[in-house]
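I have placed the structure first, in the form of structure tokens, so that the comments after it can refer back to it.
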Amino acid sequence: MSRKVCLITGATDGIGLITARELGKLGWTLALVSRNAQKGERVARELRQQCRNEEIYFKQADLSLQRDVRRVARDVAETYESLDILINNAGAIFWKEQKTAEGIEKTFALNHLNYFLLSNLLLDRLRSAPSARIINVASMAHRGVKIDLQDIENNKIYKKIRGGWIAYQRSKLANIMFSNALARRLEGESITCNSLHPGFVKTRFAKDNGGLFAALVSVGMTFGAISAEKGARTQIHLATSPEVEGISGKYFDLCKPKNPDAPALDEQAQELLWDVSESLTRNSQ
Ligand SMILES: NC(=O)c1ccc[n+]([C@@H]2O[C@H](COP(=O)([O-])OP(=O)(O)OC[C@H]3O[C@@H](n4cnc5c(N)ncnc54)[C@H](OP(=O)(O)O)[C@@H]3O)[C@@H](O)[C@H]2O)c1
Numbered sequence: 011m012s013r014k015v016c017l018i019t020g021a022t023d024g025i026g027l028i029t030a031r032e033l034g035k036l037g038w039t040l041a042l043v044s045r046n047a048q049k050g051e052r053v054a055r056e057l058r059q060q061c062r063n064e065e066i067y068f069k070q071a072d073l074s075l076q077r078d079v080r081r082v083a084r085d086v087a088e089t090y091e092s093l094d095i096l097i098n099n100a101g102a103i104f105w106k107e108q109k110t111a112e113g114i115e116k117t118f119a120l121n122h123l124n125y126f127l128l129s130n131l132l133l134d135r136l137r138s139a140p141s142a143r144i145i146n147v148a149s150m151a152h153r154g155v156k157i158d159l160q161d162i163e164n165n166k167i168y169k170k171i172r173g174g175w176i177a178y179q180r181s182k183l184a185n186i187m188f189s190n191a192l193a194r195r196l197e198g199e200s201i202t203c204n205s206l207h208p209g210f211v212k213t214r215f216a217k218d219n220g221g222l223f224a225a226l227v228s229v230g231m232t233f234g235a236i237s238a239e240k241g242a243r244t245q246i247h248l249a250t251s252p253e254v255e256g257i258s259g260k261y262f263d264l265c266k267p268k269n270p271d272a273p274a275l276d277e278q279a280q281e282l283l284w285d286v287s288e289s290l291t292r293n294s295q
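In case it helps, this note's numbering puts the sequence shown at residues 11 to 295.
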């Protein structure tokens, strides 16, 4: 059997790193994408040793920037004839409002537009695989919010006290909506597309924010979170299990399909979000 080729974003820490380790042990060819080159090269080197697998490579990209998403997609398309698995996993919460160097609100840029653009840019390579899977890491944090197209970059919501959290919730809702809209477009093709909640997982998540917020998340993680090994299980299941072959447009939790909140299933809203995402990514270089 030929080696599967898998791209994992955010593979240098947390559940992405564990996922990379487990898929690396299967002998798959892995492209690990994250923003920090030094850390990324170290992680790739360590994984090559741990997994006894030389086919593990690091590719640097700040995925909140569309130019980096495009560069890494070009690199992958030039390096591999086909791509079997794409795991959109890199994500973060920004407690205070931030803009990327390209002028887009950072939560929306990293957590949603990155998934949207990278997946679309790699569709041809995914089509070249005998059967391919796109896996979008979302969150149960999507519950209780709706996408506000009038405030798609969260400018208004950031004026509220918990604005950073709500922006994150919206981005995770967007992950499921995008996943379902893409699955619909891929019907009848050899590519499936699903989203998932990994659980509340003890990782570096939120730590870059510093201050009281990061401290509170850290305390919560110490007492209430599962390990990164457990948190990675659902995405590893979606990447590897024959049970999910052909299953598409679902949201998974604890390795089982689960109903997301109603706004995630609103097809009209999904299509509106698709149109906005397309127009916000169309002209980037
Ligand atoms: N932890 C939880 O409880 C939880 C719950 C639900 C959903 N999730 C979701 O799970 C996913 C992974 O989270 P995690 O908990 O494993 O977080 P984590 O430990 O903070 O790891 C995040 C990974 O994403 C990378 N990353 C962050 N910003 C990036 C950027 N601008 N460009 C490229 N890579 C970037 C990081 O790279 P560096 O190593 O360079 O920082 C790291 O490899 C996220 O989508 C998150 O929303 C997490």
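The beta-carbon is built from N, C-alpha and C at its ideal position, and this holds for glycine as well.
Rounded straight-line distance, which links the Cα of residue j to that of residue i
i      : j      : result
Phe188 : Leu36  : 29 Å
Ser141 : Asp94  : 7 Å
Gly220 : Asp85  : 34 Å
Ala225 : Ala242 : 23 Å
Ser181 : Asn63  : 34 Å
Lys69  : Lys169 : 36 Å
Asp285 : Ile186 : 16 Å
Leu196 : Thr202 : 7 Å
Thr213 : Val147 : 14 Å
Arg135 : Gly174 : 35 Å
Phe104 : Phe126 : 19 Å
Lys116 : Lys14  : 32 Å
Asn293 : Arg81  : 14 Å
Pro252 : Lys260 : 16 Å
Ala100 : Glu32  : 17 Å
Tyr90  : Leu131 : 14 Å
Asp218 : Ala102 : 9 Å
Arg58  : Leu282 : 42 Å
Lys240 : Pro267 : 17 Å
Check: residue i C-beta below 7 Å from any heavy atom of ligand 1
i      : result
Ala230 : Just to set this straight, residue 230 is Gly in the shown sequence, not Ala. Flag unset: Cβ of Gly230 not near ligand 1.
Asn219 : no
Asp85  : no
Ile66  : no
Val211 : yes
Lys106 : no
Gly234 : no
Lys49  : yes
His207 : yes
Lys182 : yes
Val82  : no
Presumed contact (8 Å Cβ cut-off) between residue i and residue j, rounded CB distance
i     : j      : result
Ile97 : Thr29  : 6 Å
Asn53 : Leu128 : Position check: residue 53 holds Val in this sequence, whereas Asn was assumed. 19 Å between Cβ atoms; not a contact.
Residue closest to residue i, alpha-carbon to alpha-carbon, out of the options
i      : options                        : result
Ser228 : Gln245, Glu239, Phe210, Lys170 : Phe210
Leu123 : Gly24, Ser287, Arg45, Arg292   : Ser287
Ile176 : Leu192, Pro208, Ile157, Ala191 : Ile157
His207 : Ser149, Ser129, Ile171         : Ser149
Ala151 : Ile246, Pro273, Gly256         : Pro273
Ser138 : Lys268, Ser92, Glu199, Arg52   : Ser92
Ala184 : Lys106, Met231, Ile171, Asp276 : Asp276
Gln179 : Arg194, Ala193, Ile162         : Ile162
Cys265 : Asp271, Pro252, Thr244         : Thr244
Ser200 : Glu255, Gly234, His247         : Glu255
Ala41  : Lys49, Gln48, Glu65, Cys61     : Glu65
Ser237 : Ile25, Ser12, Lys217           : Ile25
Glu107 : Gln295, Tyr67, Pro267, Ile171  : Ile171
Query raised in the report: Whole beta strand (DSSP E) runs in the segment 234-292 with 3 or more residues, listed along the chain?
Result: 261-263
Query raised in the report: Curious, which full-length alpha helix (DSSP H) runs of at least 4 residues does the segment 34-112 contain?
Result: 47-61, 76-89
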